[in-house]
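Below: one structure, written as structure tokens.
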């Protein structure tokens with residue numbers, strides 16, 4: 029069998045205009061984000077709508093977004109922004125975010141979006157935000173009045189050369205639209221930070237060519253006619269799946285886009301489904317955890333009037349795709365028109381711009397059940413009817429190639445578990461200011477994703493992060509399977525990791541679980557222990573019950589297991605209750 033999988037077709041390395049020119053023929057290609065964005069300036073019949081908690085929509089035609097972005101660019105130029113300057117953006121999902129981001133690009137700046145402030149762990153937020161700003165040598169921070177006040181310690185510590193501004197103040201001071209910069213395709217267009225589950229997020233440099241190639245491949249993955257498509261998204265715009273997958277792909281294809289604030293979805297998950305229903309959304313991406321939230325928190329009485337028949341493409345990614353969750357979601361919401369064929373489990377990462385593999389549209393979820401013991405012992409993929417279920421994320425998108433490699437770096441054939449490597453025009457130029465990390469990640473054009481997976485019949489089946497794999501008694505174990513067992517049996521968020529026990533000289537399994545204060549009891553810890561043993565066959569060595577919100581997470585919501593382990597060992601996190609095997 030071939031050791032690698034290639035894309036179904038080669039892309040063009042430039043964005044394909046989805047609408048014909050005035051003569052009805054296909055218009056020329058564009059090769060930069062700047063050029064593609066400006067092309068939307070003549071459209072005033074479609075644009076971006078912001079869906080609020082009441083179900084009202086504030087709409088902005090593309091023509092107005094381009095016009096106002098050019099004004100912001102004029103203000104940035106007058107302020108002293110020069111080509112290549114790094115501009116930090118700390119804003120919620122809003123028109124201000126769009127104007128700040130595209131205004132920065134038009135002025136020749138290199139924008140990077142950072143997470144907005146979350147309640148709790150404020151000192152940790154300031155510390156991480158400061159380190160991220162310093163890592164790229166931030167020149168200017170764009171924010172709003174609320175975040176400006178709360179960001180104070182980070183801005184002071186990062187000391188951006190041009191200080192901090194709001195979009196409102198830039199528009200008020202703008203001398204007017206400017207002639208935008210005309211960058212080359214190889215010029216850096218933006219910086220996005222890697223998810224950083226095991227280490228601090230790294231600043232990924234993405235060129236205009238990276239973005240245009242990846243966005244084109246995403247759009248080309250959907251069936252024609254594209255003009256009938258529209259997108260609904262609540263994903264944060266500081267995350268690649270929200271920014272590139274939802275905003276860029278929809279905007280540059282000149283389709284209708286509806287955005288919700290992430291915090292509105294978290295507060296009332298039904299708003300996502302109601303927006304899909306009201307706006308007749310065809311495309312909507314989300315992680316598996318969002319489906320879990322809907323299953324747990326949407327009551328039957330809230331679904332009156334919901335119609336999901338138009339939702340044809342439910343892209344599921346950003347984190348491990350959990351097959352039972354998708355199955356339960358499809359069953360629960362079939363009564364309001366959701367079709368299981370809409371599921372499109374996908375795979376990608378920041379270092380490859382975003383998308384790496386896509387399944388065929390409207391095929392639904394495809395899984396493979398394998399022998400878990402063989403996988404843990406030798407990495408061999410052996411089909412087993414009642415074995416562990418792993419989800420396919422499809423074949424490489426255009427301009428991408430995948431290779432699975434063993435521990436010594438040699439390519440493996442199909443049906444062998446190994447590290448996932450990616451090569452193609454979407455792969456990053458490198459990490460900003462970190463040649464060592466770049467050399468470790470990219471080897472002769474191949475990107476080491478840090479993920480484990482295998483190829484089966486030309487499709488990728490991601491398994492887990494290589495560094496998060498638990499090695500217990502000489503065998504590899506998947507922490508997400510342990511966490512899923514706790515989620516399924518108790519409805520609780522958890523994180524599993526291995527720790528070397530000095531007394532026994534062995535690696536032991538430890539689990540941290542977020543629970544409400546009143547539920548922090550020995551009885552719950554015992555229930556979690558029993559569930560893990562029953563579901564996985566593994567014996568926990570310790571279980572820690574934490575207050576809600578104490579699990580450290582990345583900007584996209586992934587648990588930072590190594591950070592959790594370090595903070596528990598160092599005393600930065602104090603459990604409300606801990607159980608240990610044979611002890612306290």
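Numbering (the working numbering), first residue to last: 29 to 612. Positions of the beta carbon are idealized from the N, C-alpha and C atoms, including for glycine.
DSSP lists 343 as the bridge partner or partners of residue 372. The beta carbon of residue 385 lies closer than 8 angstroms to those of 374, 375, 376, 421, 422, 423, 424, 425, 428, 430, 487, 488 in the same chain, with the five residues before and after it left out. According to DSSP, residue pairing for residue 487 in a beta bridge involves 484. Using a 10 angstroms sphere on the CB of residue 211, the tally of other CB atoms reaches 16 or more, which defines it as buried. Counting along the chain, the unbroken alpha helix (DSSP H) around residue 300 starts and ends at 298-307. Going by beta carbons, residue 325 and residue 365 fall outside the 8 angstroms limit.
Bounds of the beta strand (DSSP E) holding residue 529 are 522-529. In the pairwise beta carbon analysis, the region 386-404 is classified as not touching the region 460-468: fewer than three pairs are separated by under 8 angstroms. Here residue 563 carries a helix assignment [DSSP, helix/strand/coil]. Taking a 10 Å sphere around the C-beta of residue 86, we find fewer than 16 other C-beta atoms and assign the residue as exposed.
Pairwise C-beta distances place the region 171-189 out of contact with the region 71-88, as fewer than three of them are shorter than 8 angstroms.
With a cutoff of 8 angstroms on beta-carbon distance, residue 521 and residue 542 are scored as near each other. In the three-state reduction of the DSSP assignment, residue 581 falls in the strand class, which pools E and B.
Contact annotation: residue 235 and residue 209 have beta-carbon atoms that are not nearer than 8 angstroms. Judged by DSSP secondary structure, residue 254 falls outside any beta strand (DSSP E); it is assigned neither H nor E. Runs of the alpha helix (DSSP H) lying entirely within the region 116-146, each at least 4 residues long, are 123-134 in chain order. By the C-beta criterion, the region 216-223 is judged to be in contact with the region 131-141, since at least 3 inter-stretch pairs fall below 8 angstroms. For residue 474, DSSP records a beta bridge to 471.
Looking from the CA of residue 605, the closest CA among 378, 552, 586 belongs to 552. Classified as buried, residue 244 has 16 or more neighbouring CB atoms from the shown chains inside 10 Å of its CB. Between residue 449 and residue 475, the gap from beta carbon to beta carbon is short of 8 angstroms.
If you compare the alpha carbons of 315, 340, 297 with that of residue 331, the shortest gap goes to 297. The Cβ atoms of residue 329 and residue 269 lie no closer than 8 angstroms to each other.
The Cβ atoms of residue 257 and residue 250 lie closer than 8 angstroms to each other. Judged by DSSP secondary structure, residue 429 falls outside any alpha helix (DSSP H) and instead within the beta strand (DSSP E) spanning 428-433. The beta-carbon separation of residue 168 and residue 191, rounded to 7 angstroms, stays under the 8 angstroms limit for a contact. Here the region 127-135 makes contact with the region 91-111; the two share three or more CB pairs at distances below 8 angstroms. Residues of the same chain with a CB within less than 6 angstroms of the CB of residue 378, apart from the 5 flanking positions on each side, are 220, 222, 232, 268 in chain order.
From the listed residues 68, 510, 585, 293, the smallest Cα separation to residue 96 is found for 68. The three-state secondary structure of residue 153, taken from DSSP, is helix. DSSP lists 171 as the bridge partner or partners of residue 194. For residue 77, the pairing in a beta bridge is given by DSSP as 87, 286.
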